[in-house]
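Visitor:
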Amino acid sequence: MPYTHGGDIYGDAAVELDFSVNTNRLGMPQAVRDAVIASSAAWEQYPDALCRKLRRAAAAFYEADGTPIPKDWLVFGNGASDILYAVVSAIRPKQAILLAPGFSEYEQALRMCGCKIRWLHLREENGFSLESTREELYAMLCDGSGDASKIDSVPTLSSKHENVWEKILILGNPNNPTGRAISATELERLAEVCRETHTWLMLDECFQWFLDTRRECSFVGNLLNGVGDHVILLNALTKICSMAGLRLGYGIISNAGLRERLEKFRQPWSVSAPAQAGGVAAFAVLAAHSEGNLLEWTVKSLQTERPRLAEKLEELGFIVYPSQTNYLLFRSPDEDSRDYKQGCLEHGILIRACENFEGLNRHYYRVAVRNRGENERLINILKEVQSEEKHNVNL
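Sequence positions in the sequence shown follow this note's numbering and run 230 to 624.
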């Protein structure tokens, strides 16, 4: 299957409203836009390969947020995917555990280094929650590891840079495309089992900005408590500040050996000057809660519009799965043969077809939660697609 992703508005059809990409519907903060434009004076020079201003701005945000991480823990790249590929290349795991459904980029990064992938299929009947498959996951982690209760070491990289930890578990928290987050209690236990079984744990926190329980679900505080030398956190400003075109992601890594190893697998100047300028401004916006309190307003709007959109989709006969973030996964009934992506596209609206996610098929779709008027337009177009198809059948 060809590579597909949300936000692909560059095809033949004219896209007026993009529901396939999960960026903040409030748009890019004006302070970020202004900073990017102002940075043009420096575009004739190489960008700062060490991202020093950006690193300081990010550290200032986390300090203001109550989790004062050291600047050295921050690693920036050309989007979160850039960090993902670099970390996988540095670790070179022999075996990985992935959840299905889950973000397809994890699989692609692992396949590039010849890693064997084991899938844990989340149960649809339980809303794709990780808790419902907890014991299966723990069993997969413990498989072949011997007596896990006696393992208490910290992941290290030898002087020859040979990785002695050969497994990795990658989780989206929240998961993409389901929108389900993992509780703090579940995360702590999971991290403990990963340590006991010599398994690296990568947590993708790119959509945590949209959670009501962001601080409770993030693992940053655990890193500060010294329990996460085997944990890699992925994040980005792409979603919360609508900066997809600027490409700016970052990792939070407390393991000094892994950070040193990682530098050998990264391209220099991977973060452009405009991306760095935009990132500095974005972290300042988030730290100062300017722009009308961006985080608060974002979450508040979702608390109103997400359940309303879910209810409207259910009224059309779709099965909608519980979500805690800014998008909804839904499916059409088995007997419904309509291609809703194509049908919506003919009306200028792009939604995400999810058949390329492991464990899903052509009946599954994902849509972003936008503002009231835009969500209403989506619902009306879906109604039209249903009525048009019915009319064609009657003919």
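Cβ coordinates follow ideal geometry from the N, Cα and C atoms, glycine included.
Since we're looking at a predicted model, the values are computed, not measured.
Please work out which residues of its chain come closer than 6 Å, Cβ to Cβ, to K300, disregarding the five sequence neighbours upstream and downstream, and give them in chain order.
Guide: Once the five neighbours on either side are set aside, the close Cβ partners of K300 are R284, A288.
Visitor: Among F559, I608, E575, S499, which has the Cα closest to the Cα of K541?
Guide: Per the Cα distances, I608.
Visitor: So, at 6 Å on beta carbons, what are the nonlocal neighbours of E520 in its own chain, with the 5 sequence-adjacent residues on each side left out?
Guide: Confidence is the limiting factor: at E520 the pLDDT is only 49, short of 50, which leaves the residue's position unreliable, though a coordinate-based value still follows. For E520, where only same-chain residues beyond five positions count, the Cβ hits under 6 Å are P258, V514.
Visitor: With 16 other CB atoms within 10 Å as the buried threshold, where does M341 fall?
Guide: Exposed.
Visitor: Which same chain residues end up closer than 6 Å to H576 when comparing Cβ atoms and leaving out the 5 residues on each side of it in sequence?
Guide: Cβ within range, chain order: I610.
Visitor: Less than 8 Å between CB atoms is the rule here; does L545 satisfy it with respect to chain C?
Guide: Annotation note: the requested chain C is absent from the structure, which comprises a single protein chain.
Visitor: Assign K468 to buried or exposed, taking buried as 16 or more other Cβ atoms, counted over all protein chains shown, within 10 Å of its Cβ.
Guide: The residue is buried, with at least 16 neighbouring Cβ atoms inside 10 Å.
Visitor: Figure out for me which residue from G256, P322, A502, M369 has the closest Cα to the Cα of A264.
Guide: Ranking G256, P322, A502, M369 by Cα distance to A264 puts A502 first.
Visitor: At which residue ranges does the region 258–321 contain complete alpha helix (DSSP H) runs of 4 or more residues, listed in the order of the chain?
Guide: The qualifying runs are 259–267, 281–293, 309–320.
Visitor: Please report the straight-line C-alpha distance between E525 and G343, rounded to a whole angstrom.
Guide: Distance between the alpha carbons of E525 and G343: 43 Å.
Visitor: Can you tell me where the alpha helix (DSSP H) holding K570 begins and where it ends?
Guide: K570 -> alpha helix (DSSP H) spans 569–574.
Visitor: So E360 and E415 are supposed to be a Cβ contact under 8 Å. How far apart are they, rounded?
Guide: About 6 Å separates the two Cβ atoms, so the contact holds.
Visitor: Do you know whose CA, among V549, S269, R606, lies nearest E354's CA?
Guide: The option with the nearest alpha carbon to E354 is V549.
Visitor: When we look at the beta-carbon of D376 and count the other beta-carbons within 10 Å, is it buried (16 or more) or exposed?
Guide: Summary for D376: the model assigns pLDDT 39, below 50, so the residue's position carries little reliability; its value from the coordinates is reported in the next sentence. Result: exposed.
Visitor: Quick check on the burial criterion: 16 or more other C-beta atoms within 10 angstroms. Buried or exposed for F248?
Guide: F248 should be labelled buried.
Visitor: Apart from the five residues just before and just after P276, which ones in its own chain have a Cβ nearer than 7 Å to its Cβ?
Guide: Same-chain partners within the cutoff: W498, V500, S501, A502, Q505.
Visitor: So F448 packs on A315, CB below 8 Å; how close in whole Å?
Guide: Not really, about 19 Å apart at Cβ, beyond 8 Å.
Visitor: Expressed to the nearest angstrom, what Euclidean distance is found between the alpha-carbon atoms of V317 and L453?
Guide: Going from the Cα of V317 to the Cα of L453 covers about 23 Å.
Visitor: Find the nearest neighbour of A329 within the set L579, L400, D568, judged by alpha-carbon distance.
Guide: Among L579, L400, D568, the Cα nearest to that of A329 is on L400.
Visitor: Find out if the Cβ-Cβ distance for the pair R254, N600 is shorter than 8 Å.
Guide: Yes, the Cβ-Cβ distance between R254 and N600 is below 8 Å.
Visitor: Would you mind listing the alpha helix (DSSP H) stretches within the region 518–550 that are 4+ residues and don't spill past its ends, in chain order?
Guide: Counting only runs of 4 or more, we get 519–544.
Visitor: Which two residues bound the contiguous alpha helix (DSSP H) that contains T414?
Guide: Here the alpha helix (DSSP H) through T414 covers 413–425.
Visitor: Compute the Euclidean distance between the alpha carbons of A309 and A473, then round it to the nearest angstrom.
Guide: Between A309 and A473, the C-alpha separation is close to 11 Å.
Visitor: Leaving out the 5 sequence neighbours to the left and right, which residues in its chain are closer than 8 Å to N604 when beta-carbon positions are compared?
Guide: So the qualifying residues of the chain are E534, R537, L538, K541, V598.
Visitor: Quick test of your reading: R595 and R581, contact by CB under 8 Å. State the CB separation rounded to the nearest angstrom.
Guide: About 4 Å separates the two Cβ atoms, so the contact holds.
Visitor: Do P562 and G356 have their C-beta atoms closer together than 8 Å?
Guide: Taking 8 Å as the Cβ cut-off, P562 and G356 do not qualify as a contacting pair.
Visitor: Exposed or buried, which one is S471 when buried takes at least 16 other CB atoms within 10 Å?
Guide: Under this definition S471 is a buried residue.
Visitor: Could you pull out every residue in the same chain whose Cβ sits closer than 8 Å to the Cβ of L246, ignoring the five residues on either side in sequence?
Guide: The residues are G577, I578, L579, R599, E603, R606, L607.
Visitor: Inspect the beta-carbon positions of V244 and L491 and report whether they are closer than 8 Å.
Guide: Cβ atoms of V244 and L491: not closer than 8 Å.
Visitor: How close, in whole Å, do the beta carbons of T428 and L370 come, if the pair is a contact with beta carbons under 8 Å?
Guide: With a Cβ gap of about 6 Å, T428 and L370 count as contacting.
Visitor: Examine the ligand PLP and report whether any of its heavy atoms sits within less than 7 Å of the Cβ of E245.
Guide: Of ligands this structure carries none, so the ligand PLP is not represented either.
Visitor: With DSSP as the reference, identify every bridge partner of H350, one or two as the case may be.
Guide: Answer is A329.
Visitor: Between D311 and T252, what straight-line distance do the alpha-carbon atoms span, to the nearest angstrom?
Guide: Spanning the two alpha carbons is a distance of roughly 18 Å.
Visitor: Alpha helix (DSSP H) containing G450: first to last residue?
Guide: First-last of the alpha helix (DSSP H) with G450: 449–453.
Visitor: Which of the three DSSP states, helix, strand or coil, is assigned to M472?
Guide: Of the three classes helix, strand and coil, the one that applies to M472 here is coil, per DSSP.
Visitor: State the start and end residues of the unbroken beta strand (DSSP E) segment that holds L462.
Guide: Per DSSP, L462 belongs to the beta strand (DSSP E) from 460–465.
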